[in-house]
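Presented below is the structure to which this report refers.
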Amino acid sequence: EAQVTQNPRYLITVTGKKLTVTCSQNMNHEYMSWYRQDPGLGLRQIYYSMNVEVTDKGDVPEGYKVSRKEKRNFPLILESPSPNQTSLYFCASSPSGTYIRELFFGEGSRLTVL
Amino acid sequence: AQTVTQSQPEMSVQEAETVTLSCTYDTSESDYYLFWYKQPPSRQMILVIRQEAYKQQNATENRFSVNFQKAAKSFSLKISDSQLGDAAMYFCAYRSRNAGGTSYGKLTFGQGTILTVHP
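Residue numbers (the working numbering), protein chains in the order written: chain A, 1373 to 1486; chain B, 237 to 355.
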């Protein structure tokens, strides 16, 4: 089944404890992206990747890191999480970064930072 | 930078009736995509409809249609014959098609509109 898989789906952590949210897609998509969803703000793009080894900042990259060493994986790293990073996170992919006709989303990861 | 605004935080509709969700955007570009996504309580993001800016004809998908007014930078979603399963958060989104622009890989979403469908 074609899908975008995120893990963990739910996580409660404490300030400063490094964590990684994994994202994997099995559709051979070139483009991948991370978003955070907050009430009243909609979805905001954190980072995106047009292809392997090519990443760029979205609108809210502060406090996050990403890497794209393989086509299928695009992990989101929070080196020192803070409470303002409590949010619902989505990973998404698209066959091509050039023609994004549709984004395929993961099921979301609910992160709480205490 | 592009911005997308959904000015209706909440809307409601009676089952079988029609509802229109509003979206406006701000851009200096001429070629772009616009999307409507649906997010039901399951949190899954589902593409509802897509419009390419160079196409003058409004996109339609079954009971869903858009009113795309390029000059006014408006992109509203009309849901006809509303069903209980249409209840969800709806997001409008913008994406540039300008390959040379700095915002090429970015997608910008609106704040969302919660749609309630009453039986």
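In this text, a Cβ means the ideal position worked out from N, Cα and C, and glycines have one as well.
Beta-carbon contacts of residue i that lie in its chain and below 6 Å, excluding the five residues immediately before and after
i	result
L1383/A	L1483
L1431/A	Residue identity differs from the one stated: residue 1431/A is Asp in this sequence, not Leu. Result list for D1431/A: R1416 and Q1417, in chain order.
T263/B	Q238
A295/B	I285, Q287 and V302
Cutoff 8 Å: residue i Cβ touching any chain A Cβ
i	result
G341/B	yes
F327/B	yes
G346/B	yes
R281/B	For the record, residue 281/B in the displayed sequence is Met; it is not Arg. Chain A contact via Cβ: present.
Own chain residues within Cβ distance below 7 Å of residue i, not counting five before or after
i	result
G1412/A	none
K1437/A	I1449 and E1451
G1469/A	E1402, Y1403, M1422 and N1423
V240/B	C259, Y261, C328, A329, Y330, T344, F345 and G346
D267/B	A289, Y290, R333 and N334
With 16 other Cβ atoms within 10 Å as the buried cut-off, status of residue i
i	result
T352/B	exposed
L257/B	buried
A252/B	exposed
V255/B	buried
K1441/A	exposed
I285/B	buried
G321/B	exposed
V1485/A	buried
T349/B	buried
V249/B	buried
P1453/A	buried
K1457/A	What sits at residue 1457/A in the sequence shown is Gln, not Lys. It is buried - the Cβ of Q1457/A has at least 16 other Cβ atoms within 10 Å.
S318/B	buried
Contact with chain B by residue i, beta-carbon distance below 8 Å
i	result
M1422/A	yes
R1440/A	no
E1434/A	no
G1430/A	yes
E1373/A	no
E1479/A	yes
E1425/A	no
Distance CB(residue i)-CB(residue j) smaller than 8 Å
i	j	result
S1481/A	Q1378/A	yes
K291/B	N303/B	no
S1439/A	P1447/A	yes
T1334/A	P1455/A	Beyond the ends of chain A as shown, which are 1373 and 1486, falls residue 1334/A; an answer cannot be given.
S1459/A	D1428/A	no
F1476/A	Y1407/A	no
S1405/A	Y1420/A	yes
A307/B	P276/B	no
R211/B	E1479/A	The question about residue 211/B has no answer here: the residues shown for chain B are numbered 237 through 355.
| Residues of the segment 1438-1470 of chain A whose Cβ lies closer than 8 Å to any Cβ of chain B, in chain order | Contact annotation: in the segment 1438-1470 of chain A, residues whose CB is within less than 8 Å of a CB in chain B are L1460, F1462, A1464, G1469 and T1470.
| Interfacial residues, the segment 1395-1418 of chain A to chain B, with Cβ spacing under 8 Å | Flagged, chain order: Y1403, S1405, Y1407, G1412, L1413, G1414, L1415, R1416 and Q1417.
| Using a beta-carbon distance cut-off of less than 9 Å, what residues from the segment 262-287 of chain B approach chain A? | Residues Y269, F271, Y273, Q275, S278, R279, Q280, M281, I282, L283 and R286.
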